[in-house]
Each structure stands twice: as C-alpha cells, then as structure tokens.
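Student: There's a structure below that I have some questions on.
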Amino acid sequence: MIHSHAIVDQVDAIGRETNVWAFAHVMAGARVGDYCNIGDHAFIESGAVIGNNVTLKNHVLVWEGITIEDDVFVGPGVVFSNDRFPRSPRMPSAKRRYRTKANWLESTRVGRGCSIGAASTICPGVELGDYSMVAAGSVVTKDVRPHSLVMGSPARHVCDICTCGQRLSGSYLESDCLECGEKAAARWDARKGKPVEVRMYGARLLFD
Amino acid sequence: MIHSHAIVDQVDAIGRETNVWAFAHVMAGARVGDYCNIGDHAFIESGAVIGNNVTLKNHVLVWEGITIEDDVFVGPGVVFSNDRFPRSPRMPSAKRRYRTKANWLESTRVGRGCSIGAASTICPGVELGDYSMVAAGSVVTKDVRPHSLVMGSPARHVCDICTCGQRLSGSYLESDCLECGEKAAARWDARKGKPVEVRMYGARLLFD
Amino acid sequence: MIHSHAIVDQVDAIGRETNVWAFAHVMAGARVGDYCNIGDHAFIESGAVIGNNVTLKNHVLVWEGITIEDDVFVGPGVVFSNDRFPRSPRMPSAKRRYRTKANWLESTRVGRGCSIGAASTICPGVELGDYSMVAAGSVVTKDVRPHSLVMGSPARHVCDICTCGQRLSGSYLESDCLECGEKAAARWDARKGKPVEVRMYGARLLFD
Chain A
2 MIHSHAIVDQ VDAIGRETNV WAFAHVMAGA RVGDYCNIGD HAFIESGAVI
52 GNNVTLKNHV LVWEGITIED DVFVGPGVVF SNDRFPRSPR MPSAKRRYRT
102 KANWLESTRV GRGCSIGAAS TICPGVELGD YSMVAAGSVV TKDVRPHSLV
152 MGSPARHVCD ICTCGQRLSG SYLESDCLEC GEKAAARWDA RKGKPVEVRM
202 YGARLLFD
Chain B
2 MIHSHAIVDQ VDAIGRETNV WAFAHVMAGA RVGDYCNIGD HAFIESGAVI
52 GNNVTLKNHV LVWEGITIED DVFVGPGVVF SNDRFPRSPR MPSAKRRYRT
102 KANWLESTRV GRGCSIGAAS TICPGVELGD YSMVAAGSVV TKDVRPHSLV
152 MGSPARHVCD ICTCGQRLSG SYLESDCLEC GEKAAARWDA RKGKPVEVRM
202 YGARLLFD
Chain C
2 MIHSHAIVDQ VDAIGRETNV WAFAHVMAGA RVGDYCNIGD HAFIESGAVI
52 GNNVTLKNHV LVWEGITIED DVFVGPGVVF SNDRFPRSPR MPSAKRRYRT
102 KANWLESTRV GRGCSIGAAS TICPGVELGD YSMVAAGSVV TKDVRPHSLV
152 MGSPARHVCD ICTCGQRLSG SYLESDCLEC GEKAAARWDA RKGKPVEVRM
202 YGARLLFD
C-alpha cells in the first residue's frame, strides 16, 4: 500500500505488503523489504537498505550507508547520519572532500530486532547490536552491544534487555525474563572455537 | 483554514477557526479544538485529543494516548511517544505484545497553558503540569510539576515560572512576577480539605 | 530546480541554481541565495535569510530572525528557535506578549562555513561563529566561537577545527591542519587596532 500522497521513485524496490504513508519519500536506489511500515514524512535515500518486518515511524530519516536489518523498530523522529565532519558540499573549499564518497561516507548497521526510541540521533559509523534498545531522546555516539539498553546524551549502557523488550535484572546470558520466559545461555561452539548465545527457553512463547 | 496541501481525514473533528498548514496530516479519530494552529508537517494520530487555543508548531508528532489541554504551546520538532519498550509490531516474537493496546500504550497529559520548547522529546506516560515549561532540546522522562521550568537530558527542575512565561525568583506560590504582576497564593479550601492555588494579582494585566 | 511536490510561495526569492526538494516549503518573504540545496520536508519561514552555497538537509526548520551565511551546512532534523519563553499566542493571557515581535523575537546568526550536525537544537538568540561545528544531537544554548567544535546537551567546546572540518590538536590560530595543510595566524591590523586572523597556508589546497 502506497499512500496517494507518498512518493516512491522506484516501486519495484519496495517489498510485498509494505506500507508507505503520506508525504513519505523513498528514493530510487533504496531497498525496502517485505511487511514493512514506512510512516508519514519519512525519507529513505538512495543506497539505504531496509530488511523485512521493519517499522519506521513518522519523520525517520535514513541515508545511504545505513543498513537496517529485519524486525527493527525505528521510533518517530529518529535521525541517522553518515558524515562525521560535514561541511556544505557547495562550499568551494569543501568540494575536494565531496568528490568521492570514500572521503566522508561512514556506514551504520542496525542489528536484527533492535529498537530505537523516539527522536534519537544515531551518529555516523556506529553499530547497534541485535535486539539492543535505544531510549527515547538519546544520542548514540558509539557501538551498542546486543541486548543492551542505552540511554542519554551520549548514550550509555543501563541494563540488558530481553528479545521481547523487557528489562533484565542481570546480563542477558545469565537472566530469565520474567515477562516472556526466555532464557539465553552461552554454549561452546566447537566449530567457531568460542561460546555462542542460545535461547534455551521461551521460544514457544515468543515464536507462537 | 485547511491548507490545500494538508490532509485532514475527518474535517468535522477539527474545531472552529483552527488552521492546518501544508503537509500536515490529521488522522480520522483525532480531535482538535477551536482556535488552534497546526503547523506544516505536523502529524496527529487517531485517538489524540487536543484542546482549544493550542499552538502545534511544525513537525510536531502526536499519538494516541496523548491529551493536550487548552492554551498549550508545542514547539517545532517536538516528539511525543506512547510505548516504553517498543519492538517492531511486525517482528514475529512481538506480535503477542501488540495484540492489545493494554500491553503497551501509555498515556501522557499536557496540562493547561504548558509550553514545550523546540525539539524536545516527551517519554511515555508522563504528565506535564499546568503552565509548566520544557526548555528546548530537553528529554522529559518523568512528571513535571505545575509552573516548573525543566531543562536538559534528562530534564530537571530549574526554577518556577509564571503563567505569563517569565522566570520567578522563588516558588510560584511565594513570588510576585516582575513581568506581569501576577502573584499566586495558597488559600485553604475547606471543601477540598487542602490548600489550593489562587492568583491574587495580575488577573487584570493578564486577561485584558 | 523546484521539485513538483515542493511549495515555494515566492519563486523570485530563491537564488539561481538552488534546488528545493519534495515536500519542502519556502514561505513568501524568506530569502534563499544561489547554489543552495533545500532538502525534503524543510521549512523556511518568512523573514529567514539564507546565503549562497548553503546545504539545508531534510526536515530543517528555519524561522524569522535566523540568518544563515554563505557555505553553511545544516544537518538533517536541525531545529532553530526564536522565542526564549514561548506561550501559545492563542492563550488569552499571552496575547499581549505576541502583539509585537519586539517582545519575544530573538535572532540567531549562523556564521560563514559553519556546520550543524544532525538533529541539533539551536536555542534562541545565539551566534554560531564562522567555521564552527556543532556535533550531532547537541543542544546549543550559548554562543559558539569561530572554529570551535561543540558537543552535547548543553553543547560545550571540545576542540578547535579547521576550515576543512578536521579536528586540530591545538587552537586554530596555532595549529597546522594535518588534513588540508591550512595554517592560520593572527596578524596585527593597524586599522582595526586589533589582531585579525589570516590563513597563511593551505589556500592553494582548499580553494583550488
């Protein structure tokens, strides 16, 4: 469903069952997956990549260099960025810098199932780990661990959160979620030669 | 007045003498009172309630669960929110959470005459007291007392302010406003069994 | 180039080779110079003044009282403001305040070559010095020196930066830029009776 007041420059870049709402603009060369929701006044630039089941609330701005994986929630008014030391590309002394993207373009990965609270700012070149959560109004200046809740300006770790979004009393790998029953654990993976996370309980509850 | 480039899904939900400017979108099921001003690119979701004489500057985002009382000023780029632990409702493991609004929807009240400065973020479930003021760029994470000026991320009390918007040297109940002459006082209300605020002076100046 | 979905109320107020993108709105009485780029959903109010070679990224909000000089970069979602103690002008007790602009309107100057990072908030009445830089997500509450990088809420000085946008190890007047080779120095100006800044090196690199 594409609202009659939205602009989608290249309709075949939008996945199945994805909605694009009023006054949103998806540029040609952006890719948006299936079952997504793109809110009013959102903007997705050429080169941005968005997975499946993603919710982009109203006024979200996504640029080239930003990759948003499946199942992500991006709250209203969230702004991404991709240039750490911007100058106006039209300023004569900055033209050299903007001749090639390698000079300035930094990429950002938003991991699977991550949530970004309303009106947060994501600085260039950071990585938001899977199922991490950014509290509303935060300014994220560095990488966020998976399952970490971060808050503030600059955003700092507060506690771990469950896949379902609830706060945990301890670290994700050592806590049961009182809300959904999920319990994760580290299992030794012989092939990788390191421990990997496994969800031990809760799958039935979560993925019904 | 509804601008030719605005979208008002249900015109009879908009009060008399209310303006809706370009690229704004008021969904069906939202209620907007009389003599309001809804700026460009603002968005008002179904279920939001807005009183009379309210100014919503450009790009303000108002959701279901948000109630804005009479005489409120909401500055440009202010973002409300209504879900404390959001996940993408399209993520399979979050579908249960989003089956019913009781699981996630938190409500916010913006009291009469309150002002919210530019680009502030209002976290879910807070109450902004009557005639309180939020400084530009703040992140409001908890309730704000009436006539309190709050500032910062997270927003903290700085001083009291008058109904007219000026800073007071002491508490609202004990200070004369040098700007408008208003003086409030607590009077014992026998019916309520507690003190209530009364504006003792300044009414002539303020309400001429 | 004015996008078919943009609104420019007064086309002759827009300079040569300036682009205005989709869903942007430039009101009558605003002035925009040559070779500018006005992003999607930006809003420029009557009375705002914008120079040449300016980049306004998406969703930028510029009001009366704001002057943006040549070569400035304003990042996505940046919000300016011009009223330090706002109340809803429609609230009966605030009508007196809004009878004349002298009561409330404060002006802001954004100096030549300045950069304002994504989603920053600029409080009323501040001055951003030439070639200064505001980090993403900052709240600027007071003046910023030329060539200063400020960051945070409230924004504070971090270090000096070069005209080209790179961080310097010391003050602008005493540092060589490792990136572009620019070196500034103070020279005594007999006519002004004070030292003035001169760029001693790097001009060839910068202004080729």
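From first to last, the protein sequence lines are chains A, B and C.
Quick note on my numbering: the first sequence kicks off at 2 and runs consecutively.
Quick note on my numbering: the second sequence kicks off at 2 and runs consecutively.
Quick note on my numbering: the third sequence kicks off at 2 and runs consecutively.
The beta-carbon is built from N, C-alpha and C at its ideal position, and this holds for glycine as well.
Model, not experiment: these values are computed from the prediction.
1. Can you tell me whether V73/C is buried or exposed, with buried defined as 16 or more other CB within 10 angstroms of its CB?
2. Using a beta-carbon distance below 7 angstroms, is I8/B in contact with chain A?
3. Which residues in the same chain as S89/C place their Cβ atom closer than 7 angstroms to its Cβ, once the five residues preceding and following it in sequence are excluded?
4. Measuring CB to CB, does I162/A end up less than 7 angstroms from V135/A?
5. One question on the structure: do P155/A and V145/A come within less than 7 angstroms of each other, judged by their Cβ atoms?
6. Would you mind stating whether T56/C and V33/C have Cβ atoms separated by less than 7 angstroms?
7. Cutting at 8 angstroms between CB atoms, please list the residues of its own chain near K193/B, excluding the five before and the five after it.
8. Is any beta-carbon of chain C found at less than 7 angstroms from that of F74/A?
9. Runs of 3 residues minimum, wholly inside the stretch 103-133 of chain C: which ones carry the beta strand (DSSP E) assignment?
10. Could one say the Cβ of M92/C lies closer than 7 angstroms to chain B's Cβ atoms, at least one of them?
11. Let me know the secondary structure DSSP gives S94/B once reduced to three states.
12. On a Cα-Cα basis, can you pick out the residue from I3/C, Q11/C, C37/C that is closest to W22/C?
13. Contact criterion: CB-CB distance below 7 angstroms. Does V63/A meet it with respect to chain C?
14. Compare the C-beta of I3/B with all C-beta atoms of chain C and state if any pair is closer than 7 angstroms.
15. Roughly how many angstroms separate the alpha carbons of N38/C and G114/C, rounded to a whole number?
16. In chain order, what residues of the same chain lie with their CB nearer than 6 angstroms to the CB of Y173/A, ignoring the 5 residues before and after it?
17. Roughly how many whole angstroms lie between the Cα atoms of C124/B and A137/A?
18. Is it buried or exposed, E175/C, if we count other Cβ atoms within 10 angstroms and call 16 or more buried?
19. Would you list the residues sitting across from V50/B in a DSSP beta bridge?
20. Here's the rule I'm using: 16 or more other beta-carbon atoms within 10 Å means buried, otherwise exposed. How should G171/A be labelled?
21. If the criterion is Cβ atoms closer than 7 angstroms, does the pair G126/B and E107/B meet it?
22. Short of 6 angstroms in beta carbon distance, which residues of its chain neighbour N53/A, apart from the five on each side in sequence? Order them along the chain.
23. Inspect the beta-carbon positions of I62/A and N59/C and report whether they are closer than 7 angstroms.
24. If you check the beta carbons only, do F81/C and F24/B fall under 7 angstroms apart?
25. Quick check: the Cα distance between A43/A and A31/B, rounded to an integer number of angstroms?
26. List the residues that DSSP assigns as beta-bridge partners of N20/B.
27. Would you kindly work out how many angstroms separate the C-alpha atoms of L169/A and L179/C, rounded to a whole number?
28. For chain A, find out if any of its Cβ atoms is closer than 7 angstroms to the Cβ of A137/C; answer yes or no.
29. Name the chain B residues whose beta carbon is nearer than 8 angstroms to that of C165/A?
30. Of the choices T142/A, L129/A, L150/A, A14/A, whose alpha-carbon is the least far from that of F86/B?
31. Determine, using beta carbons only, whether R97/B and T68/B come nearer to each other than 7 angstroms.
32. Are there 16 or more other CB atoms within 10 angstroms of the CB of T101/B, so buried, or fewer, so exposed?
33. Whose C-beta lies closer than 6 angstroms to the C-beta of I8/A among residues of the same chain, with five residues either side of it excluded?
34. Which of the three DSSP states, helix, strand or coil, is assigned to V159/B?
35. Tell me the rounded alpha-carbon separation between E65/C and G182/C.
Tutor: If we stick to the structure as given:
1. Sixteen is the threshold: when 16 or more other Cβ atoms of the shown chains lie within 10 Å of the Cβ of V73/C, as they do, the residue is buried.
2. At least one CB of chain A lies nearer than 7 angstroms to the CB of I8/B.
3. Setting aside the 5 residues that flank it on each side, S89/C is surrounded in the same chain by A95, each with a C-beta closer than 7 angstroms to its C-beta; the list follows chain order.
4. No; because the gap between Cβ atoms is not below 7 angstroms, this pair is not in contact.
5. No, these two residues do not count as a Cβ contact at 7 angstroms.
6. If you check the CB distance, T56/C and V33/C do not come in under 7 angstroms.
7. If the five residues before and after K193/B are omitted, its C-beta is found closer than 8 angstroms to no C-beta atom of its own chain.
8. F74/A does not count as touching chain C.
9. Counting whole runs of 3 or more residues, the stretch 103-133 of chain C contains the beta strand (DSSP E) stretches 109-111.
10. Yes, because at least one Cβ of chain B sits closer than 7 angstroms to the Cβ of M92/C.
11. Taken through DSSP and simplified to helix, strand or coil, S94/B comes out as helix.
12. Ranking I3/C, Q11/C, C37/C by Cα distance to W22/C puts I3/C first.
13. No, because no Cβ of chain C sits closer than 7 angstroms to the Cβ of V63/A.
14. Cβ-Cβ to chain C under 7 angstroms: no for I3/B.
15. Going from the Cα of N38/C to the Cα of G114/C covers about 15 angstroms.
16. In the same chain as Y173/A, and ignoring 5 residues on each side of it, the C-beta atoms closer than 6 angstroms to its own belong to H148, D161, A185, in chain order.
17. Roughly 7 angstroms separates the two Cα atoms.
18. By the Cβ-count criterion, E175/C is exposed, with fewer than 16 other Cβ atoms from all chains shown falling within 10 Å of its own Cβ.
19. In the DSSP output, where bridge partners are listed per residue, V50/B has R32/B, T68/B.
20. It is exposed - the Cβ of G171/A has fewer than 16 other Cβ atoms within 10 Å.
21. Contact: yes.
22. The beta carbon of N53/A sits closer than 6 angstroms to the beta carbons of G34, D35, Y36, D71 from its chain, once the five residues preceding and following it are set aside; these are given in chain order.
23. Contrary to the premise, residue 62/A reads as Leu rather than Ile in this sequence. Cβ distance < 7 angstroms, so L62/A and N59/C count as in contact.
24. Result no, Cβ atoms of F81/C and F24/B do not sit closer than 7 angstroms.
25. Roughly 21 angstroms separates the two Cα atoms.
26. For N20/B, which the question treats as bridged, DSSP gives the partners N38/B.
27. So the two alpha carbons sit approximately 47 angstroms from each other.
28. Chain A, which has a Cβ nearer than 7 angstroms to the Cβ of A137/C, makes this yes.
29. Under the 8 angstroms cutoff, chain B gives R88, S94, A95, R98.
30. Its Cα nearest to that of F86/B, the residue L150/A stands out among T142/A, L129/A, L150/A, A14/A.
31. Using a Cβ distance threshold of 7 angstroms, R97/B and T68/B do not count as a contacting pair.
32. When all chains shown are included, T101/B counts as exposed.
33. Listed in chain order, the non-local C-beta contacts of I8/A below 6 angstroms within the same chain comprise H26, local neighbours out to five positions each way being set aside.
34. V159/B: strand per DSSP, three-state reduction.
35. Here the alpha carbon of E65/C sits roughly 38 angstroms from the alpha carbon of G182/C.
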